[in-house]
Amino acid sequence: MVNRSERTDSMNEHRLTEHRLEFSATPRLRRLAVIAAAAVAGAIISARGELAVLAVAPLVLLAVSPRSLLPRTVRIGRRLHPLRCVEDDELTLTLDVHAPGTDRVEALLAVPDHTDAGLDAERGGGRPAHARWAVVPHRWGRYRVGPVRVRVVAGNGLYAATLDLPLEQVVVYPGGGTVARATAPRELPARLGEHASRAIGSGVEFAGVRPYGDGDRRRDIDWRTSARQQQLFVRQYAAERSFTLVLVLDVAVDAGEPGRSTLDLTVRAATGLAQTYLGVHDRVGIVSLGGSLRWLAPAAGARQLHQIAESVMQVRLDDSEVGGGIDRLPPGVLPAGAFVCLLSPLLDGRALEAARDLRARGFGLLVVDVLTSEPDVPRGSAAGRLALRVWRMEREAVRAELATLGVPLLAWDGSGDLSGALLHAMRAMRPEVRA
Amino acid sequence: MTAEVSVAHGGATVLAMAVTAGAGLAACALTLLAEERPVRTVGIVAAVAVGAAVLSGWRWLGSAATLATTAAVLLAAAISDDVGPGHLVVASVLLLVLVAGLDRVERPGRSAGSVVLNRTRLPRRAGVPVLAVVATAGVAVTATAPVVPSAGLVLLGLAAGLGALLVATRST
Numbered sequence: 005m006v007n008r009s010e011r012t013d014s015m016n017e018h019r020l021t022e023h024r025l026e027f028s029a030t031p032r033l034r035r036l037a038v039i040a041a042a043a044v045a046g047a048i049i050s051a052r053g054e055l056a057v058l059a060v061a062p063l064v065l066l067a068v069s070p071r072s073l074l075p076r077t078v079r080i081g082r083r084l085h086p087l088r089c090v091e092d093d094e095l096t097l098t099l100d101v102h103a104p105g106t107d108r109v110e111a112l113l114a115v116p117d118h119t120d121a122g123l124d125a126e127r128g129g130g131r132p133a134h135a136r137w138a139v140v141p142h143r144w145g146r147y148r149v150g151p152v153r154v155r156v157v158a159g160n161g162l163y164a165a166t167l168d169l170p171l172e173q174v175v176v177y178p179g180g181g182t183v184a185r186a187t188a189p190r191e192l193p194a195r196l197g198e199h200a201s202r203a204i205g206s207g208v209e210f211a212g213v214r215p216y217g218d219g220d221r222r223r224d225i226d227w228r229t230s231a232r233q234q235q236l237f238v239r240q241y242a243a244e245r246s247f248t249l250v251l252v253l254d255v256a257v258d259a260g261e262p263g264r265s266t267l268d269l270t271v272r273a274a275t276g277l278a279q280t281y282l283g284v285h286d287r288v289g290i291v292s293l294g295g296s297l298r299w300l301a302p303a304a305g306a307r308q309l310h311q312i313a314e315s316v317m318q319v320r321l322d323d324s325e326v327g328g329g330i331d332r333l334p335p336g337v338l339p340a341g342a343f344v345c346l347l348s349p350l351l352d353g354r355a356l357e358a359a360r361d362l363r364a365r366g367f368g369l370l371v372v373d374v375l376t377s378e379p380d381v382p383r384g385s386a387a388g389r390l391a392l393r394v395w396r397m398e399r400e401a402v403r404a405e406l407a408t409l410g411v412p413l414l415a416w417d418g419s420g421d422l423s424g425a426l427l428h429a430m431r432a433m434r435p436e437v438r439a
Numbered sequence: 768m769t770a771e772v773s774v775a776h777g778g779a780t781v782l783a784m785a786v787t788a789g790a791g792l793a794a795c796a797l798t799l800l801a802e803e804r805p806v807r808t809v810g811i812v813a814a815v816a817v818g819a820a821v822l823s824g825w826r827w828l829g830s831a832a833t834l835a836t837t838a839a840v841l842l843a844a845a846i847s848d849d850v851g852p853g854h855l856v857v858a859s860v861l862l863l864v865l866v867a868g869l870d871r872v873e874r875p876g877r878s879a880g881s882v883v884l885n886r887t888r889l890p891r892r893a894g895v896p897v898l899a900v901v902a903t904a905g906v907a908v909t910a911t912a913p914v915v916p917s918a919g920l921v922l923l924g925l926a927a928g929l930g931a932l933l934v935a936t937r938s939t
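As they're listed, the protein sequences go chains A and B. One gets this note's numbering by counting positions in the first sequence from 1 and adding 4 to each. One gets this note's numbering by counting positions in the second sequence from 1 and adding 767 to each.
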């Protein structure tokens, strides 16, 4: 029986490709040549032939390692797997080098920022030589791991060739984790789903009893109530409906330390909410504010989750281009009865404007404040302290404005559960705005 | 595993630094056999250069240290009668160790995180240097021995020259 690692090794060995080696002289060769030249010159200048003894060893080493004997090619196989993962997942990079006729083969892996790489296993002396690294990306995005720099030394250490082997691009999706349970309002549009609503239907959640009528099924008769009331009663069940959630991401600015910046928290929260709600067959849409206006109309299913993940990956590519606001969205992106979750650091008026607009159009809304840090102020600077106070007051004003609009606000640092705030915001939806 | 590898890598680097510095300083110490002040001065300069090269890991300083050590040994052998061919053989071995050791301790050679995947075995690696030292010793013995020219000696010299030519021009 072949175990998994052996299968993997044999698979990689089949993928070896040939690379041409361009050898150049190492410092060792140059130094030996200098010693030999100095010894011969010393012997001639001083007219003492025995000084040439010092030149013999370097000359022998140089003579027995001619360039013509160096290998011309080397066969290398490399594989990075998988190429798509979630933050903190482990990728495996395997490297196989078949380099006959060489003295030493070294490999060095270059890793991008926010990525750890550790040598997991190595097998020296074998043919081909094999190494495996465990690569752990800690931040979402698209980037390249590598290149792997392979240095081949030959000719008794007198010649070396270096190969830079690029690796494929890795797509690291934000790790949503479990940021919320799939809570939903009690009144939902008439669309089949998994949330029990106030409407009577054919779900599984008990909703009450009523007197038996024509056409009622016998199996729905509630015998206990019927016996007590001396009249036939049937059980009623809550209709199961689906819920539409629209995630509005304010990605105009990015503040905070890399890995826990507002943009990082925004995309993690969006991914987590999308995962949760799409997992119970709800419809989730996404809108990116800031930079160019992007949207994805609400839909259900695994394909939508993939599209949302791809969509949030695009937000970092935005630059200072200023797109339109919520008012420019097509009607299908914000369907009636949808609940909107606005993820924003609340650092400019755009989020407040969007909240005002959404509230005026009658959408249930929760604003999640993803800013976890304050601006750095030079120590001892009175102007800096004053600027910080003004900044805090401006944020207080934004919060007060949201409270006036009746929009619940939740400060989220990436660690808590959003369910409670979502439920609170859904209960706060005004009756006239419910579907 | 990674920590063990890095600890082993660090230990090997320290050992290489010690051996390299030892070889370089020993070669410089040969100048102490000479009484002349210029020889000793060059020897001290070379020793300082060797120490600095090993500690700093700068490649240019390594080359300078190699040149200075070679110059010190040659100067001692050229000026002083106390330094003979036997000392030059020892100096030759020490210079080979110094040059090989500098490869290990210099910055580009000890880049953090690089992994040695494959290396030829020690007996095979040591073969050519041993051959070089034997050749050096042979030349040193010949240099000190009274040689009477003869047909056999000329033929031996020709054979050696032809062999060297064949070795140098062989191809894969």
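Just so you know, even glycine gets a beta-carbon here, dropped at the ideal spot from N, CA and C. What you are looking at is a predicted structure, and each value in this text was computed from that prediction instead of being measured.
Query, Result
"List the endpoints of the continuous beta strand (DSSP E) containing His102 of chain A.", "Leu95 to His102"
"In chain A, what lies closer than 7 Å to Leu863 of chain B by C-beta?", "Ala61"
"In the DSSP assignment, the alpha helix (DSSP H) including His854 of chain B goes from what residue to what residue?", "Pro852 to Val872"
"Between Leu884 of chain B and chain A, is the shortest Cβ-Cβ distance under 7 Å, so that the two count as touching?", "yes"
"Using a Cβ-Cβ cut-off of 7 Å, state whether Ser847 of chain B counts as contacting chain A.", "no"
"For Glu110 of chain A, report the span of its beta strand (DSSP E) as first-last.", "Arg108 to Leu113"
"Compute every distance between the C-beta of Pro335 of chain A and the non-hydrogen atoms of the ligand ZN, then say whether any falls below 6 Å.", "The ligand ZN is not part of the structure shown, which contains no ligands of any sort."
"Rounded to whole angstroms, what is the Cα-Cα separation between Leu267 of chain A and Asp373 of chain A?", "11 Å"
"For the structure I just gave you, are there three or more beta carbon pairs, one from the segment 85-96 of chain A and one from the segment 881-899 of chain B, closer than 8 Å?", "no"
"Please state if the CB of Val152 of chain A and the CB of Ala111 of chain A are separated by a distance shorter than 7 Å.", "yes"
"Excluding the 5 residues preceding and the 5 following Thr270 of chain A in the sequence, name in chain order all residues of the same chain whose CB lies nearer than 6 Å to its CB.", "Leu253, Leu347 and Val374"
"Just curious, the beta strand (DSSP E) that Thr808 of chain B is in, first and last residue?", "Per DSSP, Thr808 of chain B belongs to no beta strand (DSSP E); it is in the alpha helix (DSSP H), Arg804 to Ser823."
"Please confirm if Val895 of chain B has its CB atom under 7 Å from at least one CB of chain A.", "yes"
"Counting pairs of Cβ atoms below 8 Å between the segment 905-917 of chain B and the segment 139-154 of chain A, do you hit three or more?", "no"
"Tell me whether the segment 301-318 of chain A and the segment 216-232 of chain A touch, counting them as touching only if at least three CB pairs, one residue from each stretch, are closer than 8 Å.", "no"
"Nearest chain B C-beta to Glu17 of chain A closer than 7 Å, yes or no?", "Any reading at Glu17 of chain A needs caution, since the residue's pLDDT is 47, under 50, leaving its predicted position unreliable; the model's value is listed next. Not an interface residue."
"Thinking Gly212 of chain A and Gln240 of chain A are a contact (beta carbons under 8 Å), I'd like their distance in whole angstroms, please.", "5 Å"
"So if DSSP puts Ala138 of chain A in a beta bridge, which residue, or which two residues, is it bridged to?", "A:Thr96 and A:Gly122"
"Just checking my contact of Ala832 of chain B with Ala813 of chain B at CB under 8 Å: how many whole Å lie between their CB atoms?", "7 Å"
"Which residues in the same chain as Ala355 of chain A place their Cβ atom closer than 6 Å to its Cβ, once the five residues preceding and following it in sequence are excluded?", "Asp254 and Ser348"
"For Gly418 of chain A and Arg272 of chain A, which I take to be in contact (beta-carbon distance under 8 Å), what is that distance rounded to the nearest angstrom?", "6 Å"
"What number of angstroms, rounded off, separates the C-alpha of Leu841 of chain B from the C-alpha of Gly46 of chain A?", "7 Å"
"So what's Glu17 of chain A in DSSP terms, helix, strand or just coil?", "Because the pLDDT of Glu17 of chain A is 47, which lies under 50, any placement of that residue in the model is unreliable, and the number read from its coordinates should be weighed accordingly. It is helical."
"Give me whichever residues DSSP pairs with Phe210 of chain A in a beta bridge.", "A:Tyr241"
"Using a Cβ distance threshold of 8 Å, determine whether the segment 159-170 of chain A contacts the segment 28-40 of chain A, with at least three qualifying pairs required.", "yes"
"Using only CA atoms, which one of A:Ala259, A:Ala114, A:Arg365 and A:Leu297 lies nearest to Pro379 of chain A?", "A:Ala259"
"Please return the same chain residues whose Cβ sits closer than 6 Å to the Cβ of Ser847 of chain B, not counting the five positions on each side in sequence.", "Ala801"
"In chain order, what residues of the same chain have a beta carbon less than 7 Å from the beta carbon of Arg19 of chain A, not counting five sequence neighbours either side?", "Gly81 and Arg83"
"If you check the beta carbons only, do Ala256 of chain A and Ile312 of chain A fall under 7 Å apart?", "no"
"Classify Leu169 of chain A as helix, strand or coil using the three-state DSSP reduction.", "strand"
"In three-state DSSP terms, what is Gly368 of chain A?", "strand"
"So is Glu436 of chain A buried or exposed if we call it buried at 16+ other beta carbons inside 10 Å?", "For Glu436 of chain A, the predicted structure reports a pLDDT of 45, less than 50, and the residue's modelled location is therefore unreliable. The matter cannot be settled from this model."
"Whose CA, out of B:Val882, B:Thr903, B:Ser830 and B:Gly851, lies closest to the CA of Ala867 of chain B?", "B:Ser830"
"Between A:His134, A:Val402 and A:Pro75, which lies nearest to Thr96 of chain A when the distance is taken from Cα to Cα?", "A:His134"
"Helix, strand or coil for Ala29 of chain A per DSSP?", "strand"
"Per DSSP, which residues does Leu413 of chain A bridge with? Please list them.", "A:Val371"
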